[in-house]
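Here is the structure we will look at.
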Amino acid sequence: MTDLATKQRLAELVAEASDGAITAAQALSTRLPLTDLGLTSLSRMRLIDAVEDEYGVDIELDGAGWDLVDDLDALSAHLAAR
2 MTDLATKQRL AELVAEASDG AITAAQALST RLPLTDLGLT SLSRMRLIDA VEDEYGVDIE
62 LDGAGWDLVD DLDALSAHLA AR
């Protein structure tokens, strides 16, 4: 999967995890943290579960892992680097 394809898929997962409160287009078009767009702590947990399931990675729930899923660019780069 290319970096762009990964980022697009992550944006779709954000939309699913947030029950549509954040659209994939919104997630892709901003540099703001996803929490600024309305990602709740429950949505963030759903997103972590979805990313772990889809990409076979473990995201720690400590500060670094928790912060990682608030930034679509950082999360995409993290997955591309593995």
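Quick note on numbering: the sequence shown equals residues 2 to 83 in my numbering. Glycine included, C-beta positions come from ideal geometry on N, C-alpha and C.
- The alpha-carbon of VAL70 is positioned some 8 Å away from that of LEU48.
- Ranked by Cα distance from SER77, the first of ALA16, LEU29 and ALA22 is LEU29.
- Secondary structure note for THR7: its alpha helix (DSSP H) is the uninterrupted segment 4-18.
- For GLU53, the three-state secondary structure derived from DSSP is helix.
- In the structure shown, GLY66 adopts helical secondary structure according to DSSP, grouped into three states.
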